[in-house]
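One structure is given below, encoded as structure tokens.
Protein chains in written order, with the numbering used here: chain Y, 1 to 503; chain R, 1001 to 1162.
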């Protein structure tokens, strides 16, 4: 049994005192920052990334996985308690979660989210472990043309789920791809768009973009609202544990959400978001049991299903990243950046050249999940306290930690100027209704896309038809076209716009 | 002509300008051919695509009616200014500005300066509260970043630590 051998290797790596401690610290820090209102997982991971610089690669990745889960769970907590979705995939959790909180049932809502996430995380980890090896085999069959087509599919997948105008989201991707090209071209050695600034010849740091656009931009937009318009948590949380009745409603919802999330998460593109939406829709379609609260008024299934789907999806979205080296969403794009800093190039070769790291990471994902539930359910009171800290103390601290983090990346003040510039750009994006997540994804994929396009066309002697004459590449592109058509169908289009309307 | 969607108008304009700028910049590098791509090939392609996308958005914003006009609304100049200024000040105080021979003041001074300026972005500003906050942040940062993570930061002003 390869799977069991591999997993035991992984757990052997992860179950050292040191690595467990890093997983714990990661979860704790991730939740701590992720719970702060207005800070999504992307900003959280970007902020905490510098804390892992000094660690050995395995420990750093384990801590990052912990931060990732912590940030996600912290985000759900804020979503439920303050009605403030920190990222797009908790948008659906907010609908019933906040209603539950308003009725004084925040405890069961948080517990449902936690238990659902944990279960989904366990299943997701198993699927990841089972599918990683065979998928890696497939990955070795991928030529540059296939990689290029896969990236197109991933990018299309990411924008069809973006809220608002599709065209604007595509524009954001292209803009991201272009920003990714700044710096020295690997083939010719020409420094592109660097304006003779030595720091720019290394390219723009992805942390400066992530922090500037997601951190500074959001904070400025938040401060623009007057104090009373900012959502704050005022209610009390009593009785953490769900009742027997809650469990009876919640368990099938968790199972359905997990199944859906695991399947959809593998797709390149915003798997977690798509699965959360799909799971909520399915729950809404199923019949209410007698005496059950209707959806939209605080039904526990409306929290459990999307949260499980979301977590299962984010777990399986590691599959394309680890096997192909292609990040399916903005958070994973950050993880790629983080791995590159530790000299790990994600892709099929990691599993063969570095099995301890690969399986250790998978094992630590499960540990991260378990940590979360151990850590968060008892500590929920503390996280709630954190939500009552006035914003006027929080934002200077956040700005400061961002600045320190950015500086520590290269010990160079140039990065601080850059993050300031991206802060202004980020605020402009918000004002103009341009969604920043596709930008980050495009930024990471830019150099990869150029390299694969270049190689594919070199092999085909400049013949562009290579992308449609190779079977695998053609089917990937076809899938991208189908996705686009589905989204542009009039009936789906109106539903999609409806789903993103804030109410 | 009346603008039907302000947000789309300006974002379309932004895309067009940035795309055109990238495409124009690409022409100063070797473009090459499909089989032998020069450094300018891909940026020229992407820049042109972005400019076209921008133009379409721009066109739609002038033609397609929107119920609200999608106004951009007023800019929050105050938070924008103080957040960015605080950020820049952090860099200057921490690392100094060699071009004007401004000495590096180190982490602690930078934290106090930044917290002070950034706090002015909020609605209420109480100097006593801000000073307490800055002190807490300094102690925490010193413990976390210098002692625990051992990051290489100048902590004190150069004229003191030498």
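Note that beta-carbon positions come from the ideal geometry of N, C-alpha and C, so glycine has one too.
None of these values were measured; they are calculated from a predicted model.
Query                                                                                                                                                                        : Result
Please check the pair residue 1050(R) and residue 1031(R), which I expect to be a contact at CB under 8 angstroms, by giving their CB distance rounded to whole angstroms.   : Not confirmed; about 17 angstroms, so no contact.
Along chain R, in chain order, which residues have C-beta atoms closer than 7 angstroms to that of residue 427(Y)?                                                           : 1080
Pair every Cβ in the segment 104-119 of chain Y with every Cβ in the segment 435-442 of chain Y, then say whether three or more of these pairs are closer than 8 angstroms.  : no
For residue 1015(R), decide whether its Cβ has a neighbour in chain Y, counting only Cβ atoms nearer than 7 angstroms.                                                       : yes
Are the segment 120-129 of chain Y and the segment 412-427 of chain Y touching by the rule of at least three beta carbon pairs closer than 8 angstroms?                      : no
Suppose the cutoff is 6 angstroms on Cβ atoms and the five residues either side in sequence are ignored; what does the same chain contact list for residue 342(Y) look like? : 57, 60
When you check each C-beta in the segment 1129-1156 of chain R against every C-beta of chain Y, which residues fall closer than 7 angstroms?                                 : 1133, 1137, 1141, 1145, 1149, 1150, 1151, 1152
Measuring straight from C-alpha to C-alpha, what distance separates residue 1009(R) and residue 171(Y)?                                                                      : 14 angstroms
Rounded to the nearest angstrom, how far is the Cβ of residue 418(Y) from that of residue 205(Y), given a contact under 8 angstroms?                                         : 7 angstroms
I need the boundaries of the alpha helix (DSSP H) containing residue 1053(R), first residue and last residue.                                                                : 1041-1063
If you drop the 5 nearest sequence neighbours on each side, which residues of the same chain put their C-beta closer than 7 angstroms to that of residue 483(Y)?             : 156, 157, 160
For residue 1084(R), tell me which candidate among 427(Y), 327(Y), 245(Y), 468(Y) has the shortest Cα-Cα distance.                                                           : 427(Y)
Identify the continuous alpha helix (DSSP H) that holds residue 308(Y) and give its terminal residues.                                                                       : 301-316
Between the C-alpha atoms of residue 1003(R) and residue 1017(R), what's the straight-line distance to the nearest angstrom?                                                 : 18 angstroms
Is the number of C-beta pairs between the segment 1092-1109 of chain R and the segment 355-363 of chain Y that are closer than 8 angstroms three or more?                    : no
Do residue 416(Y) and residue 1079(R) come within 7 angstroms of each other at the CB atom, strictly closer than that value?                                                 : no
Taking a contact to mean a Cβ-Cβ separation below 7 angstroms, would you say residue 1113(R) touches residue 193(Y) in this structure?                                       : no
For the alpha helix (DSSP H) that contains residue 2(Y), what are its first and last residues?                                                                               : 2-14
Can we say the segment 194-213 of chain Y touches the segment 174-183 of chain Y, given the rule of at least three CB pairs closer than 8 angstroms?                         : yes
For a test of the three-state rule: what should DSSP assign to residue 276(Y), helix, strand or coil?                                                                        : helix
If you draw a straight line from the alpha carbon of residue 1157(R) to that of residue 1089(R), how long is it in whole angstroms?                                          : 15 angstroms
State yes or no: is the beta carbon of residue 479(Y) nearer than 7 angstroms to at least one beta carbon in chain C?                                                        : Checking the listed chains, one finds no chain C in this structure; the protein chains it contains are Y and R.
In angstroms, rounded to a whole number, what distance separates the CA positions of residue 354(Y) and residue 115(Y)?                                                      : 32 angstroms
Classify residue 332(Y): buried if its beta carbon has 16 or more other beta carbons within 10 angstroms, exposed otherwise.                                                 : buried
What three-state label does DSSP hand residue 503(Y) in the structure shown?                                                                                                 : Unreliable positioning characterises residue 503(Y) in this predicted model, as indicated by a pLDDT of 35, which lies under 50. The coordinate reading is nonetheless provided below. In this structure, residue 503(Y) counts as coil in the three-state DSSP scheme.
Residues of chain Y with CB closer than 8 angstroms to the CB of residue 1118(R), please, in chain order.                                                                    : 395, 396, 399, 400
Closer than 7 angstroms by beta-carbon distance: list the chain Y residues that pair up with residue 1020(R), in chain order.                                                : Under the 7 angstroms cutoff, chain Y gives no residues; its nearest Cβ is about 12 angstroms from residue 1020(R).
Any C-beta of chain Y sitting closer than 7 angstroms to the C-beta of residue 1068(R)?                                                                                      : no
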